[in-house]
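In my numbering, the protein residues as written are 21 to 224. Worksheet: the structure to be examined is printed underneath.
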């Protein structure tokens with residue numbers, strides 16, 4: 021499980037494309053390696069990946085074809101920066117919201133308005149997901165827990181404070197870039213439950 025509080029930006033130093041998967045070699049700083057064991061979970065742009073190995077040069081992660089199909093990791097290249105979060109530990113402060121590291125959809129950056137202090141990002145996505153993306157609700161965008169601002173039929177906005185702009189890659193991508201989205205699981209459960217109850221009443 022994760023909290024959506026990005027701990028670092030890490031560089032992809034190598035991508036090995038194997039049958040059915042890609043192996044990412046990531047440049048982890050010494051603090052990120054503390055207690056990092058084989059099999060540990062680390063979120064990359066919000067995608068939960070398992071440590072497959074490590075040496076003095078890099079930490080290695082295998083990304084399956086299914087994950088590549090549904091996330092923006094398939095668009096990554098050597099030299100790209102990726103948002104990282106180590107799995108939360110019992111007793112950690114939860115400053116964001118509880119995340120699984122399972123991305124449900126991707127959204128395209130369609131508009132950016134930036135000032136010296138902050139920025140507004142507008143994302144476009146399939147309209148079917150908008151019932152889960154509500155003003156003042158939460159979503160994880162490339163792994164970062166953010167509060168939703170305005171919404172429309174097939175778009176939503178978030179605002180980035182200076183700290184978020186500095187610690188993440190969110191404000192460094194050009195318009196039309198693709199971002200990973202994990203919607204709030206509690207919101208999804210409530211919406212789906214209400215829909216099922218109403219559908220059952222209509223059939224009764």
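Even glycine gets a Cβ: it sits at the ideal position worked out from N, Cα and C.
Applying the criterion that 16 or more other CB atoms from any shown protein chain within 10 Å of the CB defines a buried residue, is residue 158 buried or exposed?
Position 138 of the chain shown, counted from the start, is the residue given in the question as residue 158. The residue is buried, with at least 16 neighbouring Cβ atoms inside 10 Å.
Compare the Cα-Cα distances from residue 91 to each of 216, 163 and 191 and report the closest residue.
Translated into positions along the chain shown, residue 91 becomes position 71. Answer by Cα proximity: 163.
Which class does residue 202 belong to by DSSP, given the choice of helix, strand or coil?
What you label residue 202 is simply residue 182 of the chain shown in a count that begins at 1. If DSSP states are grouped into helix, strand and coil, residue 202 belongs with the strands.
When burial is assigned at 16 or more other CB atoms within 10 Å of the CB, is residue 110 buried or exposed?
Mapped onto the chain shown, residue 110 falls at position 90. Residue 110 comes out exposed.
Is the separation between the beta-carbon of residue 142 and that of residue 177 shorter than 7 Å?
Locating residue 142 in the chain shown gives position 122, where the first residue counts as 1. Locating residue 177 in the chain shown gives position 157, where the first residue counts as 1. It is a contact, given that the beta carbons lie within the stated cut-off.
Using DSSP bridges, identify the partner residues of residue 160.
The sequence position of residue 160 within the chain shown is 140, counting from 1. According to DSSP, which records beta bridges pairwise, residue 160 is partnered with 165 and 202.
Between residue 79 and residue 69, is the Cβ-Cβ spacing less than 7 Å?
Within the chain shown, numbered from 1, the residue matching residue 79 stands at position 59. Within the chain shown, numbered from 1, the residue matching residue 69 stands at position 49. Their beta carbons are not under 7 Å apart, which means residue 79 does not touch residue 69 by this criterion.
Give a yes or no on whether the C-beta atoms belonging to residue 155 and residue 171 are separated by under 7 Å.
Within the chain shown, the letter at position 135 stands for residue 155. Within the chain shown, the letter at position 151 stands for residue 171. Cβ distance < 7 Å, so residue 155 and residue 171 count as in contact.
Can you tell me which residues form a DSSP beta bridge with residue 171?
On the chain shown, residue 171 is found 151 positions in, with the first residue counted as 1. Per DSSP, 176.
Note down, in chain order, each residue of its chain lying with its Cβ closer than 6 Å to the Cβ of residue 60, except the 5 sequence neighbours on either side.
Locating residue 60 in the chain shown gives position 40, counting from the first residue. Excluding sequence neighbours, residue 60 sits near 71.
Residues bridged to residue 80 [DSSP beta-bridge criterion]
Within the chain shown, residue 80 is the residue found at index 60, counting from 1. Partner(s): 45 and 73.
Does the region 112-126 come close enough to the region 37-55 to have 3 or more Cβ pairs within less than 8 Å?
no
Do residue 152 and residue 210 have their C-beta atoms closer together than 7 Å?
On the chain shown, position 132 is the one that residue 152 refers to. On the chain shown, position 190 is the one that residue 210 refers to. Their beta carbons are not under 7 Å apart, which means residue 152 does not touch residue 210 by this criterion.
Local Cβ density within 10 Å of residue 220, reported as buried at 16 or more and exposed below that
Within the chain shown, the letter at position 200 stands for residue 220. Exposed.
Which residue wins for smallest C-alpha separation from residue 160, given the options 57, 32 and 188?
Taking the chain shown and counting its residues from 1, one reaches residue 160 at position 140. Selected option, being the one with the closest Cα: 188.
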